[in-house]
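A short write-up of the structure that comes next.
There are 2 protein chains.
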Amino acid sequence: MRVFICGFGTVGQGFAEVLARRMDFLEERYGCPILVTGAMDSKTYVLDRNGLDPLDLVATKQRTGRVGEDEYSDSTKVLDQAAYDILVEVSPTDIKTGGAGLRNITHALENRKDVITVNKGPLALKFNELITLARRNKCKFRFEGSVGGAMPIINLCRENLRGEKIESIRGIFNGTCNFILSKMDKGQPFDQVLKEAQQMGYAETDPTNDIEGYDSACKVAILANSVFGRNVTFDDVKITGITGITEEAIALAASRNMVIRLIGEVSETKLEVGPRLVPRGHPLSISGTLNTAQIISDLAGPITVSGRGAGRTETASAILSDLISIMDERTE
Amino acid sequence: MRVFICGFGTVGQGFAEVLARRMDFLEERYGCPILVTGAMDSKTYVLDRNGLDPLDLVATKQRTGRVGEDEYSDSTKVLDQAAYDILVEVSPTDIKTGGAGLRNITHALENRKDVITVNKGPLALKFNELITLARRNKCKFRFEGSVGGAMPIINLCRENLRGEKIESIRGIFNGTCNFILSKMDKGQPFDQVLKEAQQMGYAETDPTNDIEGYDSACKVAILANSVFGRNVTFDDVKITGITGITEEAIALAASRNMVIRLIGEVSETKLEVGPRLVPRGHPLSISGTLNTAQIISDLAGPITVSGRGAGRTETASAILSDLISIMDERTE
Chain A
1 MRVFICGFGT VGQGFAEVLA RRMDFLEERY GCPILVTGAM DSKTYVLDRN
51 GLDPLDLVAT KQRTGRVGED EYSDSTKVLD QAAYDILVEV SPTDIKTGGA
101 GLRNITHALE NRKDVITVNK GPLALKFNEL ITLARRNKCK FRFEGSVGGA
151 MPIINLCREN LRGEKIESIR GIFNGTCNFI LSKMDKGQPF DQVLKEAQQM
201 GYAETDPTND IEGYDSACKV AILANSVFGR NVTFDDVKIT GITGITEEAI
251 ALAASRNMVI RLIGEVSETK LEVGPRLVPR GHPLSISGTL NTAQIISDLA
301 GPITVSGRGA GRTETASAIL SDLISIMDER TE
Chain B
1001 MRVFICGFGT VGQGFAEVLA RRMDFLEERY GCPILVTGAM DSKTYVLDRN
1051 GLDPLDLVAT KQRTGRVGED EYSDSTKVLD QAAYDILVEV SPTDIKTGGA
1101 GLRNITHALE NRKDVITVNK GPLALKFNEL ITLARRNKCK FRFEGSVGGA
1151 MPIINLCREN LRGEKIESIR GIFNGTCNFI LSKMDKGQPF DQVLKEAQQM
1201 GYAETDPTND IEGYDSACKV AILANSVFGR NVTFDDVKIT GITGITEEAI
1251 ALAASRNMVI RLIGEVSETK LEVGPRLVPR GHPLSISGTL NTAQIISDLA
1301 GPITVSGRGA GRTETASAIL SDLISIMDER TE
């Protein structure tokens, strides 16, 4: 089985490292090695039909800032030259156009390759086109890590809970916002907490995607399409961010034994992200950077899951679980 | 596909009702009906190769206290007369000997039938014998609902997280104890809360299995065997119940911003059930009758799940999910 890793930032490197850690396990399970036959970052690429050492790729990237020596102008031409069965697409997300990720995923599916991605842009913008293309070409297309990182949610709903009628999912889908709101619970004002989050690496230099709720909205759109079978995009989500939340609002909530959390809500009819009052002690009142989701279904009632929503190894673990699912299906 | 329902108390009836609710879904998914060709309670049985109406069975049981007109002396002889592919074993649990459940499961597996059970006794006492028998006879053997009811845990660990090295699982596996301890948090003494729990139907007339930690210990043993691949029985679990917890201990914990919860712990080396101090706000500090578990693994980090640990429909939903898994594997 041959894997091409497209995108070699934190998640791509994390996946390469996880693959190296699990190489023996995978080879024993499937009786054949998993070969990384290609990798690409935003400018360069490297190909080897005999397989590249994942840890060498990480070392090269960290030493030189480039995963390969050769530069490319069209990523799909690189994919055409590569010998691979599964594309792992983890390039930087573009939630306006889908960007390179959308082109790469589309190209791989058109060429009947299986795809694993955590790239939210393509999934939040063109989910139904991609899933239709995958079905038509009988490709496996998986994206567990795109919502909630290591928190199990998409495959849990689609596989473990496939006998349930899932009525709604409400959750905290952005660790940065939750970190900020948890700190504000203790009386710190928004601007100060944001600066602290940036210093600690929990928030990006341009925090817009997180604090305006766009990142959560992508995840809500992905859940609507993948779990509820809806046909929505990012633009259909009603979004309110957390920039307008004042110390007074937090204090008022606290006086009623409540906290304010940025909650994404999705059902057959709902598609929203916004600050919500949550009673203390409720599963969605958690503090810190974890992601959490409450799934309400007709037979099981409420099921709550939580886990690390981001992180090099944690996101890679979701990709690994998708890889194992695809391998299991292929080797049945 | 033909199902025999063995045990027709709350869970058996709940499963019959759930099956009736999902009959159309299942028939559409698999292109064939699911027939209930037999059912049995502790004294009586009914068989029909053409299929019984699940809701009629429930109505008969509720009206007469018996699921069938004919009485039996040896349940395995009834199974021998029945035409079935999958045994759903939900008879009352016996954690001393495994009881009728162990005999029925063993008999079905020996006759190359698939088995779904939530019966903790057989799983906590003879897990490795049963799983070995199932493997030898190429039978599917599933038991998601035996730990945590509708809370996803066993299949989550064994399937979704199969690329992880699971290091430990700690959880609240008994809703009755958690209800009692949550009430004690508010200052009520043990005896008074126990009486209240009995009046509300949360605790049985003989509450020994719950409050002495035996029920939790069964679940810990099942997790040790099924998730950690250990070979343990109920008797190997180090158990302390909650009967010795005083109001003073609860108050002392509260003064340190902690609560006391009955926690089951399992890892490669650990196998314990006992009262533990848990910081307020920790995932295992939850109040009420929910079950919850924190799974620690090497890549994903901590993943927490919670759900209803008991209940007619909730437990049946776990059986349904096992049934769908078996059907999916059979029809691949």
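In order, the protein sequence lines correspond to chains A and B.
Using the numbering used here, you'd call the opening residue of the first sequence number 1 and step up by one each time.
Using the numbering used here, you'd call the opening residue of the second sequence number 1001 and step up by one each time.
By construction, the Cβ of each residue, glycine as well, lies at the ideal position given by its N, Cα and C atoms.
Item: Interface positions of the stretch 1299-1313 of chain B facing chain A (Cβ-Cβ less than 9 angstroms), listed along the chain; Value: 1299, 1300, 1301, 1302, 1303, 1304, 1305, 1306, 1307, 1308, 1311 and 1313
Item: Option nearest residue 97 (chain A) by Cα separation, candidates A:108, A:72 and A:123; Value: A:123
Item: Residue 4 (chain A), enclosing beta strand (DSSP E) - first and last residue; Value: 2-6
Item: Validate contact between the stretch 1280-1298 of chain B and the stretch 1089-1103 of chain B using beta carbons, cut 8 angstroms, 3 pairs; Value: no
Item: Chain-order list of residues whose beta-carbon lies under 6 angstroms from that of residue 1272 (chain B) (same chain, five-residue window excluded); Value: 1238 and 1265
Item: Residue interval of the beta strand (DSSP E) (run including residue 1039 (chain B)); Value: 1035-1040
Item: Residues sharing a beta bridge with residue 1291 (chain B), DSSP; Value: B:1307
Item: Beta-carbon contacts of residue 1209 (chain B) that lie in its chain and below 8 angstroms, excluding the five residues immediately before and after; Value: 1095 and 1215
Item: Residue 1238 (chain B) (DSSP reduced to helix, strand or coil); Value: strand
Item: Beta strand (DSSP E) segments (min. 3 residues) lying fully within the stretch 34-78 of chain A; Value: 35-40 and 44-52
Item: Run of the alpha helix (DSSP H) containing residue 14 (chain A), from where it starts to where it stops; Value: 10-30
Item: Alpha carbon of residue 217 (chain A) to alpha carbon of residue 234 (chain A), nearest angstrom; Value: 6 angstroms
Item: Residue burial classification, residue 13 (chain A) (beta-carbon count within 10 angstroms, cutoff 16); Value: buried
Item: Residues that residue 1324 (chain B) contacts on chain A, provided the C-beta gap is smaller than 7 angstroms; Value: 162 and 163
Item: Contact set between residue 1018 (chain B) and chain A, taken where Cβ atoms lie within less than 9 angstroms; Value: 163 and 299
Item: Alpha-carbon spacing of residue 1326 (chain B) relative to residue 58 (chain A), whole angstroms; Value: 41 angstroms
Item: Closer than 8 angstroms to chain B by CB, residue 130 (chain A); Value: no
Item: Cβ-based burial, residue 1145 (chain B) [other Cβ within 10 Å; buried from 16]; Value: buried
Item: Residues bridged to residue 1258 (chain B) [DSSP beta-bridge criterion]; Value: B:1279
Item: N- and C-terminal bounds of the beta strand (DSSP E) containing residue 1117 (chain B); Value: 1114-1117
Item: C-beta atoms of residue 181 (chain A) and residue 262 (chain A) nearer than 8 angstroms; Value: yes
Item: Alpha-carbon spacing of residue 1023 (chain B) relative to residue 1051 (chain B), whole angstroms; Value: 12 angstroms
Item: Reference residue 141 (chain A); option with closest CA among A:153, A:149, A:127 and A:147; Value: A:127
Item: Residue 1054 (chain B) at chain A interface by Cβ criterion, 8 angstroms; Value: no
Item: Reference residue 191 (chain A), options A:269, A:242 and A:54, closest by Cα; Value: A:242
Item: CA-to-CA distance, residue 1074 (chain B) to residue 270 (chain A), given in whole angstroms; Value: 54 angstroms
Item: Buried/exposed call for residue 333 (chain A), threshold 16 Cβ in 10 Å; Value: The structure shown does not extend to residue 333 (chain A), since chain A is modelled only from 1 through 332, so no value can be given for it.
Item: CB-CB length for residue 1176 (chain B) against residue 1150 (chain B), believed under 8 angstroms; Value: In fact, because the Cβ distance is near 16 angstroms, the residues do not count as touching under 8 angstroms.
Item: Coarse secondary structure for residue 1244 (chain B), derived from DSSP in three states; Value: coil
Item: Chain B contacts made by the stretch 20-34 of chain A, where a contact means CB separation under 7 angstroms; Value: 22
Item: Under 8 angstroms from the C-beta of residue 150 (chain A): neighbouring residues of chain B; Value: 1299, 1300, 1301 and 1303
Item: Interface partners of residue 155 (chain A) on chain B, CB under 7 angstroms; Value: 1160
Item: Distance cut-off 7 angstroms: residue 145 (chain A) Cβ against heavy atoms of the ligand NAP; Value: For the structure depicted, the ligand NAP is absent and the ligand set is empty, with no information on it obtainable.
Item: First and last residue of the uninterrupted alpha helix (DSSP H) at residue 1147 (chain B); Value: Segment: none, residue 1147 (chain B) is in no alpha helix (DSSP H) and carries neither H nor E.
Item: Closer than 8 angstroms at the beta carbon, the chain B residues around residue 316 (chain A); Value: 1299
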